[in-house]
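Have a look at the structure below, then the notes.
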Amino acid sequence: MQSPSIKGVSFDKSKGKWKARTIRDGRTINLGTFASQLEAAQAVEQATISLPTAPAKTDKLPLLPVDHEEIVAKAQRTKLVAQHNTLVETPTTTTLLEAKIFALMLRCVSRSDVEAPTAVIPLEDLFPSFGGKQHQLLETAMRRMMSATIQIPELNQENVHLVSLCDSMRYDSDTKLLVATFGKAVIPYLVNLVGNFTTADVDELLAIKSNNTHKLYWLMRSWQFKSPHTVSVDELRELTTPNSQFTRYSEFRTKVLKPSMAELNELSFDITYTERRQRGRAVTDITFNISKKTNAKQLALPIEAAVLELPKQQLTPLQQKISTRLTKLKLTQAQIKKVLEVVVGEEPLTKLLKETYPVLRDFETKAKPGENVAAATMTLLKSTFPAIWAAN
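Numbering (our numbering), first residue to last: 1282 to 1673.
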């Protein structure tokens, strides 16, 4: 005998059986057909009890850290940031605002971090004033950065490994703070860096006026130690303006390369470049000569005056040997001084002599003609003694 209507239970005349259904999170879930109305009702009741509770939705992730003021203060004291060259060579920002956010997120990363650090960025670091237009620009930048991906190199060229640049971004309107976290898979490319990484000056990054110049800044810093560096036009275009409208090199040179080089040379760079043509045709490669500016006072000094500030009589015999070795390897006196300030103790200094001997041997025997021995030496020293880059 049919009982009064029961919620979730109905009779299927075509099959002559009772159907049981329940609703969960706005979706109708079919529980099956049953011979009796009672069995169908029991199925609905059981499903209501057994279905897991849906996780509560929240728009508070990531939450504003309790120590957000300390994070901001520490970040504002940071003058040097670093990232692995895999990130340097992967364009992830499309606007100047995104490039600034990325730089300020890097500023919140500590080399001792092992998990995804929370970046806290005051809005005043991004905008001189904030209104409706700036709010829209910020939201658009956040959406783009949340969708940005990085391709991780694989030994098998057919494999494709993509990771997200950011795990989360949230603008807190009460405190006027942007709270963001890097993707967990990206963290190994930001902390505990030993070799194949690039450093940058935060103040210079924030002074840059275009996204293209931001990208070229990082590239020039990464290529500086192997200057002169030659890159194909196609590769340079892909590294700076992928999928752009500048398909012709003349447009790329006028709109991107020349203005960005001019802007970089207003900073600490001294960059010149030479275009190479294939048999008088289109430009195929560009060779960059990248160095740092020397102030007028330094330029006025004779070469003999460029000596270590630390008097030679204060150097130990082992330090003196290091100084002689690095001079042969074409390091500047300022670089040698920095190395001796960072690498201290008999064991580390002995290790330095051992590690640099193959470089000196190859240089003196001309085993690697054309190699920039100073750049090769600094790369080796940074890899062997990571504290050197942190002291720059």
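No residue lacks a Cβ here, since even glycine has one placed at the ideal position from N, Cα and C.
Check                                                                                                                     : Outcome
With 16 other Cβ atoms within 10 Å as the buried cut-off, status of Ile-1603                                              : buried
Cβ contact check for the region 1428-1435 and the region 1363-1375: 3 or more pairs under 8 angstroms                     : yes
Span separating the alpha-carbon of Asp-1455 from that of Leu-1345                                                        : 11 angstroms
Proximal residues to Ser-1317 (C-beta, below 8 angstroms), its chain only, five neighbours per side dropped               : Trp-1299
Sequence-distant residues of the same chain with beta carbon closer than 7 angstroms to Leu-1545, five excluded per side  : Thr-1494, Leu-1497, Tyr-1498, Met-1501 and Ile-1552
Backbone CA spacing between Ala-1481 and Thr-1309 [nearest angstrom]                                                      : 55 angstroms
Separation of Thr-1479 from Asn-1366, as counted between CA atoms                                                         : 6 angstroms
Identified DSSP bridge partners for Arg-1558                                                                              : Val-1564
DSSP bridge partner residues for Thr-1553 (one or two, in chain order)                                                    : Asn-1570
Burial state of Gln-1600, where buried means 16 or more other Cβ atoms lie within 10 Å                                    : buried
Tyr-1452 versus Val-1460 - alpha carbon distance                                                                          : 6 angstroms
Coil, strand or helix - Gly-1297 by DSSP                                                                                  : coil
Reference Val-1475; option with closest CA among Thr-1660, Lys-1573 and Glu-1556                                          : Thr-1660
Identity of the residue in Leu-1487, Met-1450 and Thr-1568 nearest Pro-1409 by Cα                                         : Leu-1487
The beta strand (DSSP E) enclosing Asp-1448, as first and last residue numbers                                            : 1447-1453
Under the three-state DSSP convention, the category Leu-1548 falls into                                                   : coil
Boundaries of the alpha helix (DSSP H) in which Pro-1639 is found, first to last residue                                  : 1627-1645
Cβ-based neighbour list, Phe-1666, same chain, cut-off 6 angstroms, excluding 5 preceding and 5 following                 : Val-1624
Own chain partners of Leu-1580 with C-beta closer than 7 angstroms, once the 5 adjacent residues on each side are dropped : In this prediction, Leu-1580 scores a pLDDT of 42, lower than 50, which makes its location untrustworthy; no coordinate-derived value is stated.
The region 1390-1410 in contact with the region 1534-1545 per 3-pair CB rule at 8 angstroms                               : no
Distance, Thr-1575 Cα to Thr-1597 Cα                                                                                      : 29 angstroms
Rounded straight-line distance, which links the Cα of Leu-1419 to that of Ser-1393                                        : 30 angstroms
Whole-angstrom distance between Lys-1414 and Ser-1664, CA atom to CA atom                                                 : 45 angstroms
Minimum length 4: unbroken alpha helix (DSSP H) runs contained in the region 1356-1409                                    : 1366-1369 and 1377-1388
Status (buried if at least 16 other CB within 10 Å, exposed otherwise) for Glu-1590                                       : In this prediction, Glu-1590 scores a pLDDT of 44, lower than 50, which makes its location untrustworthy; the coordinate-derived value is nonetheless stated afterwards. Glu-1590 comes out exposed.
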